[in-house]
Structure formats: C-alpha cells, structure tokens
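Notes follow the structure.
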Amino acid sequence: MLGTLETKECVQVWKTEEVSVEHYETSVTWELPLPGTVNVNTDDSFCKESGKAGIGGVVRDNQEDFIMTFSIPISCDSNTMAEAKEPEFGGKWCSQNGYTNFSLELESMVVVDMLAEGDTNNVKTKRVIDRASYIVKQTRATVKHCIREGNQVADCLAKLSATTNQRKLFHSFQHLPNSAKGPFLLDKWQLPSIRTKYETSNFFVS
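Heads up, the sequence shown is in UniProt numbering, so the first residue is 1 and it goes up one at a time.
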C-alpha cells in the first residue's frame, strides 16, 4: 500500500506542477573612465576540450578614444588561469607604455577578489595573480568587476585569439577586426546593450 500511495502522489505532483518564468531586461552602457585615467577592459576565452585559450582587451581614454587593443593566444589549463592572465597582460602593457593611472575592468569576480586579497589555493594561478597585483600596487591602478554586456569589445578579441591562435595588437580603429568594430562604436556612442536574465520558479496549483 505504501508503494502505491507514493506512486499516486508523484503522478499528481507531475500533473499539477506549474513553472513560472520571470524575464528581466537591463540597459547596460560602457562607463567612461575618470578624467586623466585610461580604462582597460579585458576578457578571456577558454575551451577545455580543445585546450585553446586566449585573452583580449581594449585600452581607452576618458574621451572614448582608441589607444590599443590586444588579442593574445595563451597556454593554460583552466578558465581561472586564463582569467588571471587578463589583468597581468593589460596592466603590464599600461605600465610599460607610461600609463600609471588606469582602471582594470574584469568579468571574473573571482579574479577581482583574488587581486584584492592576494590569495588563491592554486600555486600556478597565484604566481600570475602575484605578478598582476605587483603591477597594480606599483601604479595607481584600480580593479573592478564589469558584466559581459559592457565588455563586448574584449569578448570579441578574446574569442578571436583562441580561434585563430594569432597574436595581434591593434593601434587604430581601422585595423580593428570587423567583429569588434560594432561593439567599439556602441561604446563610443554610449549606446546601451540589453542584459537579459531569466528566473524560473516552481509552484503547485490545487
């Protein structure tokens, strides 16, 4: 009898269960850096199956003008390692080219926290984080989190480096890959992208 009762209850629950889907849309616009500073947006692309990985980024001033973009294939064994190499390369380039007052914007909240706390359990990742942290401390750099919809230029460049396996630095808009030109102009013209979020919840009707 107990087994029969449990079966009936399961069937009843399956038939009467309803799913509610809530849809949220948020307008996201790339934020201009403060006067006298430059902004470095970075992103990574990592495919565990193929082992291909790359980082991409864009350096801009507070007039929204193009300074430099990079698309660099890298060697790594995890997504976190790829994410950690973004601020290392972006910060190093700025420091070597005389930019000491800059903002690093990363999609990975994990790496933002690592740079703030200087701590990670992975020895290989810690070496990269330590080098990036040293650059941040030696300059007037700040590190903050950004969401994907406000980071589309870097996202395009990271994917490009992982798929082509070619190291590229671009110093003018004309030489920028076509896939990144559109997102760059959206940012420059301060036109928003739409961030869409879906949330589901289950409830029962009697």
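For every residue, glycine included, the Cβ atom is placed at its ideal position computed from N, Cα and C.
Please read all numbers here as calculations on a predicted model, not as lab measurements.
- For Met81 and Asp43, the gap between their C-alpha atoms comes out near 12 angstroms.
- In this structure the segment 147–164 lies against the segment 48–59, because at least three pairs of beta carbons, one per stretch, are closer than 8 angstroms.
- Sixteen is the threshold: when 16 or more other Cβ atoms of the shown chains lie within 10 Å of the Cβ of Asn39, as they do, the residue is buried.
- Membership of Asn39 in the beta strand (DSSP E) is indicated by the continuous run 38–46.
- In the three-state DSSP reduction, Ala141 falls in the coil class, being neither helix nor strand.
- When only Cα atoms are considered, Gly36 and Asn79 end up about 33 angstroms apart.
- The C-alpha of Arg131 lies about 21 angstroms from the C-alpha of Leu169.
- Of the residues assessed, Lys85 falls on the buried side of the cut-off, its CB having 16 or more other CB atoms within 10 angstroms.
- Distances from the CA of Gly182 to each of Gln152, Glu25, Glu31 were compared; the closest alpha carbon is that of Gln152.
- For Ser103, the enclosing beta strand (DSSP E) stretches over residues 102–106.
- When secondary structure is reduced to three states using DSSP, Asp61 falls in the strand class.
- One thing to note: Glu64 has its Cβ no nearer than 8 angstroms to the Cβ of Lys144.
- In the structure shown, Gly54 adopts extended strand secondary structure according to DSSP, grouped into three states.
- When secondary structure is reduced to three states using DSSP, Tyr99 falls in the coil class, being assigned neither helix nor strand.
- Distance from Ser133 to Leu115 at the Cβ level is roughly 6 angstroms; contact confirmed, criterion being Cβ atoms closer than 8 angstroms.
- Annotation: Pro73 is outside any alpha helix (DSSP H); the continuous beta strand (DSSP E) that includes it extends over 66–74.
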